[in-house]
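Numbering (this note's numbering), first residue to last: 1 to 88.
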Amino acid sequence: MPRLGDDIDDYCTKCKRTTDHSVAAMAGEEAVKVLCRTCNTEHKYRHNRSGKMEMTTEEAFQKVLASVTGQMSGTNAPPKEKKKKKLS
Ligand SMILES: [Zn+2]
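Written out as structure tokens, the structure is:
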């Protein structure tokens, strides 16, 4: 079980990744607050899980990025038909 000041891995919202933390507050046998050793931010212990929001945003961003880069590299794809309609 963790103790105050113990090393603990957790997801840091500021660093946006799992970093080394120290236990800053306990509730019974559970760490409830941790201190990020990278940015010194104290936050709720997330049980080393990224919040749903961050994950969704991150995944969405990655998807957008992938689709954008995919479109840019896929220049062989024909342009959209909409522009042609304007000509006729
Ligand atoms: Zn941090």
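C-beta atoms are modelled at their ideal positions from N, C-alpha and C, and glycine is treated no differently.
Predicted model only: the values in this text are computed from it and were never measured.
Rounded Cβ spacing between residue i and residue j (contact assumed at less than 8 Å)
i             : j            : result
asparagine 40 : threonine 18 : With 8 Å as the limit, asparagine 40 and threonine 18 do not qualify as a contact, their Cβ atoms being about 16 Å apart.
Pairwise C-alpha distance: residue j and residue i
i            : j            : result
alanine 24   : glutamate 30 : 11 Å
lysine 14    : lysine 63    : 22 Å
aspartate 20 : glycine 28   : 22 Å
lysine 16    : alanine 60   : 15 Å
threonine 38 : alanine 66   : 29 Å
aspartate 9  : proline 2    : 11 Å
tyrosine 11  : glutamate 58 : 14 Å
heavy atom of ligand 3 below 6 Å from residue i C-beta
i            : result
threonine 18 : Because ligand 3 does not appear in the structure shown, any question about it cannot be addressed here, the ligands present being ligand 1.
Neighbourhood of residue i by C-beta, 7 Å cutoff - its chain only, sequence neighbours within 5 removed
i         : result
leucine 4 : Val23 and Met26
Nonlocal neighbours in the same chain, by C-beta distance under 6 Å from residue i, ignoring five residues either side
i         : result
valine 32 : Ala25 and Tyr45
alanine 6 : Reading off the sequence shown, one finds aspartate at residue 6, where the question assumed alanine. Answer for aspartate 6: Val23, listed in chain order.
Same chain only: Cβ atoms within 8 Å of residue i, ignoring 5 sequence neighbours per side
i            : result
glutamate 42 : Ala24, Lys33, Val34, Leu35 and Cys36
Cβ of residue i within 7 Å of any chain D Cβ
i          : result
glycine 28 : The structure shown contains no chain D, having only a single protein chain.
Span of the beta strand (DSSP E) around residue i
i            : result
aspartate 10 : 7-12
List in chain order: all unbroken beta strand (DSSP E) runs of 3+ residues lying wholly within the segment 25-64.
30-36 and 42-44
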